[in-house]
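S.K.:
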Amino acid sequence: MKIVMLGAPGAGKGTQALNIAKQYGIPHISTGDIFRANIKNQTELGMKAKEYMDKGALVPDEITIGMLLDRIAESDCKNGFVLDGFPRTIPQAESLKAALQLQDAKIDYAVDIEVPDEVITTRMSGRRACVKCGGTYHIVYNPPKKEGICDNCGSELVQRADDKPETVIERLKTYHEMTQPLIDFYAKEGVLHTVDGTKAPAEVLKDILGVLG
Ligand code: ADP
Ligand code: AMP
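Note that the numbering used here has the sequence shown beginning at 1, numbered continuously upward.
1. Any chance you could list the beta strand (DSSP E) runs of at least 3 consecutive residues sitting entirely within the region 101-125, in chain order?
2. Between R71, K55 and A93, which lies nearest to K188 when the distance is taken from Cα to Cα?
3. Please classify K13: is it buried, with 16 or more other beta-carbons within 10 angstroms of its beta-carbon, or exposed?
4. Just to confirm, does R127 get its C-beta within under 8 Å of one of the non-hydrogen atoms of the ligand ADP?
5. Taking 9 Å as the threshold (C-beta atoms), are R160 and H138 in contact?
6. Measuring CA to CA, which of G10, T174 and K2 is closest to K55?
7. Check whether the Cβ atoms of L205 and Q42 sit closer than 9 Å, and answer yes or no.
8. Rounded to whole angstroms, what's the CA-CA distance from E114 to G10? Just pull it up for me.
9. For F86, name the three-state secondary structure that DSSP assigns.
10. Within the same chain, show all residues whose beta-carbon is closer than 6 Å to that of L18, passing over the 5 residues directly before and after it, in chain order.
11. Quick test of your reading: G66 and G32, contact by CB under 8 Å. State the CB separation rounded to the nearest angstrom.
12. Any chance the CB of N142 is under 8 Å from a heavy atom of the ligand COA?
13. For R127, list the residues DSSP reports as bridge partners.
14. Classify A129: buried if its beta carbon has 16 or more other beta carbons within 10 angstroms, exposed otherwise.
15. Using only the heavy atoms of the ligand AMP, determine whether one of them is closer than 8 Å to the beta carbon of G32.
Here it is in structure tokens:
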């Protein structure tokens with residue numbers, strides 16, 4: 001099963017992608033997590049990506065597309081994957097489509113999690129993230145069992161540098177301009193499913209699992 005998660009930054013893509021990955025035994029691939037791991041390890045790719053991420057802009061397609069296509073060529077992706085944060089531009093979606101077509105494959109589901117911008121701003125200020133495993137929490141709406149510690153891997157949780165209110169406003173602008181057109185793209189492909197992301201996380205998951213069958 002090949003799944004793409006759509007939605008604004010903070011809509012809940014990472015939260016639900018982790019659940020879906022567990023449910024179906026497929027890898028959760030977040031381009032944001034890959035960039036953050038590279039920043040932490042101070043790789044050349046990480047340093048380049050950081051310039052854009054800090055501004056709330058997108059990392060250029062020339063960097064992002066190759067990185068993602070290499071990742072989905074790995075053997076753990078044979079039975080599918082859930083993509084979180086990719087594609088974010090039409091050229092990214094076209095490249096993904098072309099790469100899958102070469103193997104007679106395609107995206108089976110694009111799940112768009114709808115959340116109004118006003119709700120996003122509150123969510124981002126309370127988000128806490130695990131840089132080690134990609135776990136994502138909220139201090140009020142989705143707290144970890146032990147404050148500041150990832151339930152999944154026991155690492156320390158951090159507040160993301162790009163979750164400052166000024167950067168969130170830029171990221172929302174970037175989303176509306178560059179990424180929202182993907183909703184139409186996947187509607188035309190006949191694989192778009194929309195869920196209400198303002199419900200509680202467990203309710204959103206139930207709705208998504210209903211769609212995926
Ligand atoms: P994205 O991957 O789309 O950027 P996240 O999954 O990281 O979004 O979620 C953003 C923040 O909102 C996190 O702090 C997360 O715990 C919280 N969150 C996710 N889903 C919900 C929900 N349905 N209701 C309230 N808060 C949520
Ligand atoms: P995320 O963790 O998905 O919120 O992504 C954090 C940041 O990483 C984004 O604001 C972008 O700067 C960058 N990024 C992640 N995925 C992509 C992508 N597919 N294309 C371009 N930039 C990306």
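Glycine included, C-beta positions come from ideal geometry on N, C-alpha and C.
M.R.: With the given structure in hand:
1. 109-114
2. A93
3. buried
4. yes
5. no
6. T174
7. no
8. 10 Å
9. coil
10. H28
11. Going by Cβ atoms, the distance from G66 to G32 rounds to 16 Å, so no, they are not a contact pair.
12. Although the ligand COA was asked about, the structure shown includes only the ligand ADP and the ligand AMP as ligands.
13. H138
14. buried
15. yes
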